[in-house]
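Asker:
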Amino acid sequence: MSQRRAAIFLDRDGTMIDDVGVLKDPDGIILYPDTVEALKELQKDYLLFVITNQSAVADGLISLEDVDKVNHALDIMLQEQGVRIEEWYSCPHKTEDNCDCKKPKPAFVLKAAEDYGLDLKRSFVIGDHPHDVCTGQEYGVFGLYVLTGHGVKHLDELEKNKLMFHSLSDAVVWINSHPNNIFDLEKNIEDGAKAIQKGQLVAFPTETVYGLGADVFNPEAVEQIFIAKKRPKNNPFIVHISDEAQLNLLIDGTISNKAQRLIDKFWPGPLTLILPKSKNVPDIVTANNSTVGIRMPASRIALEFIKRAGTPIAAPSANSFNYVSPTAANHVRNSLDGAFSVIIDGGACNVGVESTVISLVDNRAKILRPGGISKEEIETVIGNVEISEGDAINKIESPGQFQVHYAPETPLEICERFPQEYIDDADVGFMLHEPPSVNYAGPIEILSDKGDPKEIAMNLYAALRRLDKKGLKLIVTSYFADESIGAAINNRLKKASSRRRV
Ligand code: TXA
Ligand code: MG
C-alpha cells in the first residue's frame, strides 16, 4: 500500500536565506550556512515547497517578476547543491488586500496538497514569523518556529504551543524524531512520564534551560542524577511542580504572604522559591538542607510532563557539572548522552538563562542567584530584596555560587574595553552584543541584532557552545548593562570566565 507523501513548507526570508528587507536582486541572496544540509536531510522523506509573503510588491517597491527572478536564482543554487524544491509560491499582497494566499491563510498549502496528493497531517511548516507557523494548522500541518531572521523580534506574538529552534538544522533534527508531528510529541511526553514512574531519568525542556529529572520521592533515582552529572552531593536540586497543590507535599508549614504574592505573580515562570522543607522530601534532594527550592516552569511541555508523571520532579540543568547549561535538546544529547532513558525534545528554551533563586526563609527575601525574573520585577511585588553573592567562598548558600560554573572549555575573557589586540587573530572568537563595527579575523557570534537583553539571554549558551566547539585559544566578550535580565547574563559571563583564573 503506498502512503501519501508528506511535505515541508518553508518560509524563504529569515528561514532559508538572510532577511535583508526588500530583495530585488539575486546577487543579494545570502544562504544560511546550514540551509543546504538541512534541506538535503529533509528531502529524504518529504517533498519541499517554499511559501513566501512578498508584500513589497503591493507596496510598489519590487515587481512580481523581481520575486520570481530571486526565487529562480535560489532554486538554481539549491539544485546545484542537490536540493529539489517542488514549487515556489509567492503572495504579492498586503494584509488589507484580503487575499486568500497571504500566510497564515492556507491557500498555497491546500493547492500543494491537491496537486501532489499530500498527507497534511504528517506535514510541517517552518518559518521565522508567527504567521508562517500557523499556516495550514487547521489541516494538521505542524509549525516549527526558527529564531533566525525576525524570529526573536516577533516572539511575543507567537502562540504559546509552538516549538522554536535556534536554526533550521535544529528543526530538522526534531522532525526526524517526530515524523507524525503532534502524535509523536505527545508520545514523547508520555514516554517521559512513564520513565519517571519507573524510577528512570528524563531530560526535559523548560522555558529557562533543559533539566535532567527524577521522581523527587525516589532517592535512588535522584542519586543517579548526581552520578550522571558528576555533581557534588552538597549541591541541592530544584523541585519542579505543575500544580500549586503539590506545594503541600513539599514544604513545612504554610506559605507566607510574601511567597504567595510571588507565586501569584510569577508562576508558572523562571522563579525558584527556597522554603522550609517537609520531611517527605528526601535529604538527598536538598543536600541535607532544611529548605527546598521549588518552581513551576512555564513551558507547556514541562507542565504536561510533570502532570502526567504524577509527581514533582527534582531536576538540575541537564549538563555535566560546571559546563554551560543546555538550551536545546542537542546540547543535552552532546553532553549527557546515555544518562537518561528519555529525552523530551521541546525545541529551544525561550528564556535561555536559569531561574532566579530567591530565599524566603525567616521571611527575609534574598536573591541567591539572579535569573529569568529580575530583582526589579520582584521588588515591584514584595518591596526591597537583598542580593547574596560573591563572598560565597566560605559559605555556599546556593551552589550556583560556586566560582567555576557554567563554563566552556575554551578560556573566556571579558574585556571592559575594545579588544584591539585580538581582532586580527583567527584563533580568537568573539561573542558580541550587537553587529560588529570592524572586521574580526576569528569567528563571531552576534547575540542580538539590536542589543536586546532578552534576545541576548536566549542566544547566550547556544552561542557559547558553538564557539567552544571550534578549538579556539580564547573567546572574548564584554559585560552587558546590569539591569533587568542583564544582571543574570553578567553573572553567568563572570562564572563562565572564571576557569581562567583558577
Ligand atoms: O531554571 C532553572 O532553575 C533550571 C531548570 C531546569 O529548572 N534548573 C537549574 O538547576 O538551574 P541547577 O541545579 O543547575 O541549579 C539550582 C540552583 C543552584 O544554584 C542551587 O544552589 C539552588 O538552585 N538551590 C536549590 N535548592 C536550594 C536550597 N534548598 N537552598 C539554596 N539553594 C538551593
Ligand atoms: Mg521570514
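Position one of the sequence shown corresponds to residue 7 (our numbering), numbered consecutively onward. Idealized CB from N, CA, C, for every residue including glycine. Keep in mind it's a predicted model, so treat the numbers as computed, not measured.
If I'm right that Leu268 touches Ile300 with Cβ under 8 Å, what's the distance once you round it to whole angstroms?
Answerer: 11 Å between Cβ atoms; not a contact.
Asker: Look up Ala12 in the DSSP assignment and give the residues it is bridged to.
Answerer: Tyr52
Asker: Is the beta carbon of Phe148 less than 8 Å from the beta carbon of Asn104?
Answerer: no
Asker: Which of helix, strand or coil does DSSP assign to Lys239?
Answerer: Lys239: coil per DSSP, three-state reduction.
Asker: Note the first and the last residue of the continuous beta strand (DSSP E) segment covering Pro282.
Answerer: Leu277 to Pro282
Asker: Closest to Asp121 by CA distance: which of Ile349, Phe55 and Ala308 is it?
Answerer: Among Ile349, Phe55 and Ala308, the Cα nearest to that of Asp121 belongs to Phe55.
Asker: Would you mind listing the beta strand (DSSP E) stretches within the segment 12 to 48 that are 3+ residues and don't spill past its ends, in chain order?
Answerer: 12 to 16
Asker: By the 10 Å Cβ neighbour count, where 16 or more other Cβ atoms means buried, how is Pro322 classified, buried or exposed?
Answerer: buried
Asker: In whole angstroms, give me the CA-to-CA distance for Tyr145 and Arg11.
Answerer: 15 Å
Asker: Terminal residues of the continuous beta strand (DSSP E) containing Asp375?
Answerer: The amino acid occupying residue 375 in the given sequence is Arg; Asp does not appear at that position. Element bounds for Arg375: Lys372 to Arg375.
Asker: Flag Gly344 as yes when its Cβ comes closer than 7 Å to any non-hydrogen atom of the ligand TXA, and as no otherwise.
Answerer: The answer is no for Gly344.
Asker: Would you grab the beta carbon distance between Ile68 and Lys30 for me? Rounded to a whole angstrom, and I think it's under 8 Å.
Answerer: 5 Å
Asker: Under the three-state reduction of DSSP, which class applies to Ser175: helix, strand or coil?
Answerer: helix
Asker: Just to check, is the beta-carbon of Ile280 closer than 7 Å to a non-hydrogen atom of the ligand TXA?
Answerer: The beta carbon of Ile280 sits closer than 7 Å to at least one heavy atom of the ligand TXA.
Asker: Using DSSP's beta-bridge definition, name the partner residues of Asp221.
Answerer: Partner(s): Ile319.
Asker: Is the CB-CB distance between Val367 and Lys381 below 8 Å?
Answerer: no
Asker: Measure the C-alpha to C-alpha separation of Asp351 and Arg339 and round it to an integer number of angstroms.
Answerer: 10 Å
Asker: Does the distance from the C-beta atom of Val131 to that of Asp125 stay below 8 Å?
Answerer: no
Asker: Which whole-angstrom value describes the C-beta separation of Leu164 and Trp180, a residue pair presumed to lie in contact below a C-beta threshold of 8 Å?
Answerer: About 16 Å; that fails the 8 Å criterion.
Asker: Would the segment 443 to 461 count as touching the segment 306 to 313 if we require 3 or more Cβ pairs under 8 Å?
Answerer: no
Asker: Going along the chain, which residues of its own chain have a beta-carbon closer than 8 Å to the beta-carbon of Gly20, five neighbours each way excluded?
Answerer: Gly133, Asp134, His135, Val152, Thr154, Gly155, His156 and Gly157
Asker: By a C-beta neighbour count over all protein chains shown, 10 Å radius and 16 as the cutoff for buried, is Asp221 buried or exposed?
Answerer: buried
Asker: Taking Ser183 as the reference, which of Asp51, Glu451 and Val363 has the closest Cα?
Answerer: Ranked by Cα distance from Ser183, the first of Asp51, Glu451 and Val363 is Asp51.
Asker: Quick one: give me the first and last residue of the beta strand (DSSP E) that Tyr428 is part of.
Answerer: Looking at the DSSP string, Tyr428 is not in any beta strand (DSSP E), and its letter there is neither H nor E.
Asker: Can you check DSSP and say which residues form a bridge with Ile195?
Answerer: The secondary-structure analysis by DSSP pairs Ile195 with nothing; it has no beta-bridge partner.
Asker: Excluding sequence positions up to five away, which residues of its chain have a Cβ less than 8 Å from the Cβ of Ala334?
Answerer: Phe171, His172, Asp176, Tyr216, Gly353, Ala354, Cys355 and Ala468
Asker: Pick out whichever of Thr214, Pro211, Gly205 and Glu250 has its Cα sitting closest to the Cα of Val229.
Answerer: Checking the displayed sequence, the identity of residue 229 turns out to be Glu instead of Val. Comparing Cα positions, the closest option is Gly205.
Asker: Looking at the unbroken alpha helix (DSSP H) that takes in Ile82, where does it start and where does it end?
Answerer: Element bounds for Ile82: Leu70 to Glu86.
Asker: Measuring alpha carbon to alpha carbon, tell me which of Thr362, Ser504 and Ser394 ends up nearest Glu521.
Answerer: Only positions 7 to 508 of the chain appear in this structure, which leaves residue 521 out of reach.
Asker: Taking the beta carbon of Asp33 as the centre, do at least 16 other beta carbons fall within 10 Å, making it buried, or is it exposed?
Answerer: exposed
Asker: May I ask you to check if the CB of Asn182 is nearer than 7 Å to at least one heavy atom of the ligand TXA?
Answerer: no
Asker: Any Cβ of chain D within less than 8 Å of the Cβ of Pro282?
Answerer: The question asks about chain D, but that chain is absent: this structure has only one protein chain.
Asker: Per the contact definition of three or more C-beta pairs closer than 8 Å, is the segment 488 to 496 in contact with the segment 367 to 379?
Answerer: yes
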